[in-house]
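Engineer: Supplied in structure tokens, the structure appears directly below.
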Ligand SMILES: Cc1cc2nc3c(=O)[nH]c(=O)nc-3n(C[C@H](O)[C@H](O)[C@H](O)COP(=O)(O)O)c2cc1C
């Protein structure tokens, strides 16, 4: 599966089997994590075969969250500023799409997990912005409802938009966003400059969501065709 195919195939999966992730796939994931940490000064960490972070329901004595069988996850830690949050989204989604090409499933998780003492060490002095559940899903998830692409384009209706721009927007629409809010738009200026705009959102994941949708846009539009404003 190519990365572009992974964009279409990926859906949030919240129930996992107990099949462990193979060592060769873990190696590829760790390489991608190291690249992200190096490129953006992040502290992303992969945790494997650890069920406690998603055992909140049992701890509290009632079913909290809708996750089952999560034992592998990424701790998405980094500095506490907005550009770090956008990098968490951008690089986290690159890892998510890599996982999908490896036949794994995933789900970004802002709530519904517990920071297990001793495991979430990388968060000391940093922010643990969220986690990403990984593993072999019991199912492949379902496509979220798609809204028309013009809702995500900030442009005069008569402006001719190049194919690469429209392909970028269509890929961004497939991206995961917190609560499926999709509070973003793309604007084309000066022929090849693209601005990604985060619209006001009631949740605190605006910058992470923006990084995620920029990752999808860039892959589908082709980085050679434009530059970010
Ligand atoms: C930053 C972020 C935080 C999320 N937090 C949660 C969460 O706490 N619980 C959950 O069930 N889903 C969570 N999600 C998953 C979204 O609900 C999901 O991506 C969205 O509904 C779109 O569905 P899709 O991923 O299947 O396309 C989160 C997604 C993002 C991007």
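Residue numbers (the numbering used here): 9 to 237. Cβ coordinates follow ideal geometry from the N, Cα and C atoms, glycine included.
Measure from the alpha carbon of residue 35 to the alpha carbon of each residue in 125, 103, 237, then state which is nearest.
Structural biologist: Here the question's residue 35 lines up with position 27 in the chain shown. Closest option to residue 35, Cα to Cα, is 103.
Engineer: In terms of residue numbering, what span does the beta strand (DSSP E) encompassing residue 189 cover?
Structural biologist: Taking the chain shown and counting its residues from 1, one reaches residue 189 at position 181. Element bounds for residue 189: n/a, residue is neither H nor E.
Engineer: Residue 58 and residue 79 look like a contact to me (Cβ under 8 Å); what is the Cβ gap, rounded to whole Å?
Structural biologist: Here residue 58 refers to the residue found at position 50 of the chain shown. Here residue 79 refers to the residue found at position 71 of the chain shown. Confirmed, about 6 Å.
Engineer: So what does DSSP say about residue 121, is it helix, strand or coil?
Structural biologist: Counting from 1 along the chain shown, the entry for residue 121 is found at position 113. Residue state, collapsed to three classes: coil.
Engineer: Under 8 Å from any heavy atom of ligand 1, does the C-beta of residue 187 make it?
Structural biologist: One-based indexing of the chain shown puts residue 187 at position 179. Yes.
Engineer: Under the assumption that residue 157 contacts residue 140 (Cβ atoms under 8 Å), give the Cβ distance between them as a whole number of angstroms.
Structural biologist: Within the chain shown, residue 157 is the residue found at index 149, counting from 1. Within the chain shown, residue 140 is the residue found at index 132, counting from 1. About 26 Å separates the two Cβ atoms, so there is no contact after all.
Engineer: Taking the alpha helix (DSSP H) that residue 216 falls in, what are its first and last residues?
Structural biologist: Taking the first residue of the chain shown as position 1, residue 216 is located at position 208. Element bounds for residue 216: 214 to 229.
Engineer: What separation, rounded to the nearest whole angstrom, lies between the Cα atoms of residue 44 and residue 85?
Structural biologist: The sequence position of residue 44 within the chain shown is 36, counting from 1. The sequence position of residue 85 within the chain shown is 77, counting from 1. Each residue's Cα considered, the two are about 12 Å apart.
Engineer: DSSP on residue 197, reduced to helix/strand/coil?
Structural biologist: What you label residue 197 is simply residue 189 of the chain shown in a count that begins at 1. Residue 197 falls in the strand class under three-state DSSP.
Engineer: Could you check whether the Cβ of residue 55 sits closer than 8 Å to any heavy atom belonging to ligand 2?
Structural biologist: Ligand 2 is absent from the structure shown, which contains only ligand 1.
Engineer: Smallest Cα separation from residue 21: which of 137, 206, 131, 108?
Structural biologist: Stepping through the chain shown from its first residue, residue 21 is reached at position 13. Measuring from the Cα of residue 21, the nearest candidate turns out to be 108.
Engineer: Is there at least one non-hydrogen atom of ligand 1 closer than 8 Å to the beta-carbon of residue 82?
Structural biologist: Within the chain shown, residue 82 is the residue found at index 74, counting from 1. No.
Engineer: Apply the 10 Å Cβ neighbour rule to residue 76 and answer buried if 16 or more other Cβ atoms are within range, or exposed otherwise.
Structural biologist: Here residue 76 is taken as the residue at index 68 of the chain shown, counted from 1. Exposed, by the Cβ-count rule.
Engineer: Given the structure, does residue 22 come close to ligand 1, in the sense that its CB is under 8 Å from one of the ligand's heavy atoms?
Structural biologist: Within the chain shown, residue 22 is the residue found at index 14, counting from 1. The answer is yes for residue 22.
Engineer: Could you give the residue range of the beta strand (DSSP E) that holds residue 81?
Structural biologist: Your numbering for residue 81 matches position 73 in the chain shown. Unbroken beta strand (DSSP E) run through residue 81: 80 to 86.
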